[in-house]
Structures are given as C-alpha cells and as structure tokens.
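Residue numbers (my numbering): 63 to 311.
#1: What are the uninterrupted segments assigned as alpha helix (DSSP H) that are 4 or more residues long and contained completely in the region 206 to 248, given in chain order?
#2: One question on the structure: do residue 112 and residue 176 come within less than 8 Å of each other, judged by their Cβ atoms?
#3: Alpha carbon to alpha carbon, how far is residue 261 from residue 186? Give it in angstroms, no decimals.
#4: Going by DSSP in three states, residue 90 sits in which element: helix, strand or coil?
#5: Please look up how many angstroms separate the CB atoms of residue 158 and residue 106, rounded, as I've assumed it's under 8 Å.
#6: According to the Cβ coordinates, are residue 151 and residue 213 closer than 8 Å?
#7: In its own chain, which residues sit with a C-beta less than 8 Å from the C-beta of residue 182, not counting the 5 before and 5 after it?
#8: For residue 227, which residues of its own chain have a beta-carbon under 6 Å away from its beta-carbon, when the five flanking residues on both sides are left out?
#9: Rounded to the nearest angstrom, what separates residue 168 and residue 257 at their Cα positions?
#10: In the DSSP assignment, the alpha helix (DSSP H) including residue 193 goes from what residue to what residue?
#11: Throw me the rounded Cβ distance for the residue 203 and residue 115 pair, which I believe falls under 8 Å.
#12: Rounded to whole angstroms, what's the CA-CA distance from residue 117 to residue 232? Just pull it up for me.
#13: If you compare alpha carbons, which of 219, 156, 120, 171 is closest to residue 190?
#14: For residue 90, which of 247, 255, 206 has the nearest alpha-carbon?
#15: Assign residue 312 to buried or exposed, taking buried as 16 or more other Cβ atoms, counted over all protein chains shown, within 10 Å of its Cβ.
#16: Please classify residue 178 as buried or exposed, where buried requires at least 16 neighbouring CB atoms within 10 angstroms.
#17: Decide if residue 137 is buried, meaning its Cβ has at least 16 other Cβ atoms within 10 Å, or exposed.
#18: Mind checking residue 109: buried by the 16 CB within 10 Å criterion, or exposed?
#19: What span of residues does the beta strand (DSSP E) with residue 109 cover, start to end?
#20: What are the partner residues of residue 141, as DSSP defines its beta bridges?
#21: Taking buried to mean at least 16 other C-beta atoms within 10 Å of its own C-beta, is residue 218 buried or exposed?
Here is the structure:
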C-alpha cells in the first residue's frame, strides 16, 4: 500500500511538471528582457502602462540606460508588469500578445502615446487602433483582452512584485536584487551603475516575473489542483481495491 501511495505522489508531481513545461513553452508568458544574460548588473523594472512617471522614465532615462549600458553589455533590463488599473492590464495584455519580438516596440508606443489612449473616451478602442497599427487584427485584439493565461500572468507579476520586493508604486527598480527607492535622475543612475559595473557586482535576476500561479495559467495548486487530487484519489482507490481482491484470493 505504501508503494501505491508513493506512486500516486509521483503521478501528482509528474503531472505538475508537465503543466509547468506547457506553461513555459508559451513565449508570451515569460520575463521580457533586453541585454546580455551575463551582464554584471540586472535591473528589473516594475511599471504600469497608465503611470505617467513610468512614461517619463521610458522617455528620459531608459534611452540613456539602453545606449550606454544595455547595448554595451553592462546591464540586463527585465520589464515586469505592475498594472495599477484595468486599463493598464489591457495594455499589458496587448504588448504580450504581440509576442517577444515586438514586445518592447509595443511598450515604447504605449508609453509614448499614453496620454492619447489612456485618456481617450473609449480607451479600449484606442488600444485596439494602436494594436492594429502594430500588425494585429481586430479579432486578435479582442481575443487578447479575454486571454485568461495572459491576464493571470500579468496579475501574478504584480502580486509577486508586491509580496517579494515590496513594490507598492511605479516605477520601481530592482537593481541586482535590491529595491531602489524612488527613480534616480540620469546622472544619479549613471553613478550607481558605474559603481556596480566597476565592482563586478553580479547577482541572479530575481526569480519569477508574473509566476504562473493563477487558475488556468499552469499552477498545479491553482485551478488544476482538483484535477490532480481527483486523479490521485482514483489511483489510490484502484490500488486499494486491487490489494483487497488479491488478499481475498
């Protein structure tokens, strides 16, 4: 009987592993990053597409960061969603639906055109127009708005940022695993990054990035837990009946 219990446990973990592999196979549901993976400095930016300060950061600081540090192999930048409202969630979904190749291009447009679409009388229509100009069809956009795995992933990114890194406002930068209070100006940022690069500091990128924990997004303890438990119960019942019948003989 103990053997069958172990077999049921192995089955549960095997199914969970299969689900996790299926989740990570979707290129839209992963950290979006630019820069060398082995760069000495890793910056994680938590931002909301409806946040004016985030738009300002992307307009004034990010270009310097990219040209002087990312493109030269000194910094790897990971963008993680921290939507402050439903509209930011919809915009983040559009960017992810566009795919990894176009993701940062969509971010650039959404931030640079933030005032136009975020304050429009019909923001979803404005987002749809931007997405269509980026090569998506109206049908693809509508499907994206209601894509549950993508929406779950984005919301889990926000939850993880809050719980793991105490992110409460946007933008928040995590530099080599440490929460950077406030957003520095360009000169302050240069000094910070130059010091880190010079010291050869390197820490792994914070794990996660919208960890797939919500129902329908691959977390075996989320929406699929009942399925796995039911399978395990069936295995145990079959094992118990088999053992009972063998003993009766």
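Ideal Cβ positions, reconstructed from N, Cα and C, are used throughout, including at glycine.
With the structure as the only source:
#1: 210 to 227
#2: In this structure, residue 112 places its C-beta atom within 8 Å of the C-beta atom of residue 176.
#3: 46 Å
#4: coil
#5: At roughly 17 Å, the Cβ-Cβ gap does not stay under 8 Å, so residue 158 and residue 106 are not in contact.
#6: yes
#7: 188
#8: 236, 241
#9: 32 Å
#10: 185 to 195
#11: Contact between residue 203 and residue 115 does not hold, since the beta-carbon distance rounds to 27 Å and is not under 8 Å.
#12: 10 Å
#13: Nearest C-alpha to residue 190: 156.
#14: 206
#15: Since the first residue of the chain shown is 63 and the last is 311, residue 312 is not available in this structure.
#16: With fewer than 16 other beta carbons inside 10 angstroms of its own, residue 178 counts as exposed.
#17: By the neighbour-count criterion, in which a residue is buried when 16 or more other Cβ atoms sit within 10 angstroms of its Cβ, residue 137 is buried.
#18: buried
#19: 103 to 109
#20: Under the DSSP definition of a beta bridge, residue 141 partners with 94, 107.
#21: Residue 218 should be labelled buried.
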